[in-house]
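Peer 1:
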Amino acid sequence: MSADLPVPGSTERTRVRRLADKTVVDRNVLNAILDAGLVAHVAVITDGQPYVVSVAYARDGDRVLFHGSTGSRLFRGLATGDSTCLTVTLIDGLVLARSAFESSINYRSVMVLGSCVVLEGDEKDRALRVISDHLLPDRWDDIRPPTKKETAATLVLALSLEECSVKVGEGGPEEAEGDETWPAWGGHVPIREVLGEPVPDELVTDQPVPDYVRKWTR
Ligand SMILES: Cc1cc2nc3c(=O)[nH]c(=O)nc-3n(C[C@H](O)[C@H](O)[C@H](O)COP(=O)(O)OP(=O)(O)OC[C@H]3O[C@@H](n4cnc5c(N)ncnc54)[C@H](O)[C@@H]3O)c2cc1C
13 MSADLPVPGS
23 TERTRVRRLA
33 DKTVVDRNVL
43 NAILDAGLVA
53 HVAVITDGQP
63 YVVSVAYARD
73 GDRVLFHGST
83 GSRLFRGLAT
93 GDSTCLTVTL
103 IDGLVLARSA
113 FESSINYRSV
123 MVLGSCVVLE
133 GDEKDRALRV
143 ISDHLLPDRW
153 DDIRPPTKKE
163 TAATLVLALS
173 LEECSVKVGE
183 GGPEEAEGDE
193 TWPAWGGHVP
203 IREVLGEPVP
213 DELVTDQPVP
223 DYVRKWTR
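Residue 13 is where the sequence shown starts when you use the numbering used here, and the numbers rise one by one after that.
(1) Grouping DSSP H, G and I as helix and E and B as strand, with all else coil, what is Ala196?
(2) Quick check: His200 and Leu98, are their CB atoms within less than 8 Å of each other?
(3) Rounded C-beta distance between Pro20 and Ser127? I'm assuming under 8 Å.
(4) Write down every uninterrupted run of the alpha helix (DSSP H) in the segment 139-177 whose length is 4 residues or greater and which is fully enclosed by it, in chain order.
(5) Hey, how far is the Cα of Thr35 from the Cα of Asp153?
(6) Compute the distance between the beta-carbons of Leu147 and Phe87, then report whether it is under 8 Å.
(7) Can you list, in chain order, the residues of its chain with a C-beta nearer than 8 Å to that of Gly198? Leave out the 5 residues immediately preceding and following it.
(8) Quick one, which of Val216, Trp228, Leu173, Asp218 has its alpha-carbon nearest Val100's?
(9) Let me check understanding here. Comparing Cα to Cα, which of Ser66, Asp74, Ala48 lies closest to Ala170?
(10) Residues near ligand 1, CB to any non-hydrogen atom under 5 Å, in chain order?
(11) If you follow the beta strand (DSSP E) that Arg110 is in, where does it begin and where does it stop?
(12) Do Arg119 and Gly181 have their CB atoms nearer than 8 Å?
(13) Measure the C-alpha to C-alpha separation of Phe113 and Ala68 and round it to an integer number of angstroms.
(14) Excluding the five sequence neighbours on either side, which residues of its own chain have a C-beta within less than 6 Å of the C-beta of Val129, listed in chain order?
(15) With Val56 and Gly83 assumed to form a contact (beta carbons below 8 Å), what rounded beta-carbon distance in angstroms separates them?
(16) Examine ligand 3 and report whether any of its heavy atoms sits within less than 7 Å of the Cβ of Tyr224.
(17) Helix, strand or coil for Val65, going by three-state DSSP, please let me know.
(18) For Val51, which residues from the same chain have a beta carbon less than 8 Å from its beta carbon, with the 5 sequence-adjacent residues on both sides left out?
(19) Below 8 Å CB to CB, which residues in the same chain sit around Thr163 once its five sequence neighbours on both sides are set aside?
(20) Just curious, the beta strand (DSSP E) that Gly89 is in, first and last residue?
(21) So within the segment 13-59, which uninterrupted alpha helix (DSSP H) runs reach at least 4 residues, ignoring any that extend past its ends?
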């Protein structure tokens, strides 16, 4: 478990060099970022061409789970154990410095290096539920269970959080020397993610929006 894993950013290839003051070594922060995110970006190289694929994911202990079609050319490389890099980025705000150079974005960001393993059988079934529970808490028990055919068409991958790094940028701008007197407004503008009002589809007649949907928060 976590206690046996290397500290984030502690391997040669995960040591943050650029703006190293943004490094976070606490695995609780790593977990909290992954639990707050919905989308990961996963790198695959096919025939020498890099691709970055967006996927829904969930953290399951010390690994990240995600799924794709068994027919996906890009996923097949991951399934055979190709090295990959997965990132999750949460955007927290815009940082307005008195120069473009020092202006930036506040963020919480995770990078994971490694190779995926394919999950099968009960582990695969459980993983599908874990991913659903992360994206749509409490939804799984309300919906039709997957058929054997649907499950067979789905590739479920797990990537260990063993080798990873975390960077967090927060607060206001750091000005370049001399810019303190430049007469532009400076500061930061927080960005927050909110869920909108649920919109029923045409099959809903008099069904109220379930409580677990109403209570979803981000
Ligand atoms: C929303 C957002 C916007 C950004 N915009 C820019 C931009 O416009 N220009 C720019 O140069 N940089 C930007 N960054 C920072 C960028 O992600 C990299 O951190 C930086 O460019 C890496 O510099 P480097 O190649 O010298 O990496 P190094 O510091 O040499 O990277 C070494 C190791 O640090 C870790 N690492 C690096 N970056 C990250 C990260 N973001 N999260 C987690 N671990 C990391 C990795 O394990 C990597 O292998 C942005 C980051 C975020 C999240």
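Glycine included, every Cβ here is placed at the ideal spot set by N, Cα and C. Remember, predicted model here, so these are calculated numbers, not experimental data.
Peer 2: Per the coordinate set shown:
(1) What you label residue 196 is simply residue 184 of the sequence shown in a count that begins at 1. In this structure, Ala196 counts as coil in the three-state DSSP scheme.
(2) One-based indexing of the sequence shown puts residue 200 at position 188. One-based indexing of the sequence shown puts residue 98 at position 86. Not a contact, by the Cβ cut-off of 8 Å.
(3) Numbered from 1 along the sequence shown, position 8 holds the residue referred to as residue 20. Numbered from 1 along the sequence shown, position 115 holds the residue referred to as residue 127. 18 Å between Cβ atoms; not a contact.
(4) 160-164
(5) Within the sequence shown, numbered from 1, the residue matching residue 35 stands at position 23. Within the sequence shown, numbered from 1, the residue matching residue 153 stands at position 141. Going from the Cα of Thr35 to the Cα of Asp153 covers about 39 Å.
(6) In the sequence shown, the residue the question calls residue 147 occupies position 135. In the sequence shown, the residue the question calls residue 87 occupies position 75. Taking 8 Å as the Cβ cut-off, Leu147 and Phe87 do not qualify as a contacting pair.
(7) Counting from 1 along the sequence shown, the entry for residue 198 is found at position 186. Excluding positions up to five away in sequence, the list reads Leu108, Ala109, Arg110, Gly184, Pro185, Glu187.
(8) Numbered from its first residue, the sequence shown carries residue 100 at position 88. Here the closest residue by C-alpha is Leu173.
(9) To locate residue 170, count along the sequence shown from 1; it is residue 158. Across the set Ser66, Asp74, Ala48, the C-alpha of Asp74 shows the shortest separation from the C-alpha of Ala170.
(10) Thr26, Val28, Arg29, Arg30, Thr101, Ile117, Tyr119, Ser121, Met123, Ser177, Lys179
(11) The count along the sequence shown starts at 1 and reaches residue 110 at position 98. Element bounds for Arg110: n/a, residue is neither H nor E.
(12) Working through the sequence shown from its first residue, we reach residue 119 at position 107. Working through the sequence shown from its first residue, we reach residue 181 at position 169. With the sequence shown as reference, residue 119 is identified as Tyr, and Arg is not the correct amino acid for it. Yes, the Cβ-Cβ distance between Tyr119 and Gly181 is below 8 Å.
(13) The count along the sequence shown starts at 1 and reaches residue 113 at position 101. The count along the sequence shown starts at 1 and reaches residue 68 at position 56. Their backbone Cα atoms lie some 33 Å apart in a straight line.
(14) Counted from its first residue, the sequence shown places residue 129 at position 117. Its chain contains Ala170 as the residues whose beta carbon lies nearer than 6 Å to that of Val129, once the 5 sequence neighbours on both sides are disregarded; these appear in chain order.
(15) Numbered from its first residue, the sequence shown carries residue 56 at position 44. Numbered from its first residue, the sequence shown carries residue 83 at position 71. About 15 Å separates the two Cβ atoms, so there is no contact after all.
(16) In the structure shown, ligand 3 is absent; the only ligands present are ligand 1.
(17) One-based indexing of the sequence shown puts residue 65 at position 53. Val65 carries a strand assignment under DSSP once its states are collapsed to helix, strand and coil.
(18) Taking the sequence shown and counting its residues from 1, the one referred to as residue 51 is at position 39. So the list reads Ser66, Val67, Ala68, Tyr69, Val100, once near-sequence residues are dropped.
(19) One-based indexing of the sequence shown puts residue 163 at position 151. Here the set comprises Lys136, Asp137, Leu140.
(20) Your numbering for residue 89 matches position 77 in the sequence shown. Unbroken run through Gly89 is the alpha helix (DSSP H), 85-91; no beta strand (DSSP E).
(21) 39-48
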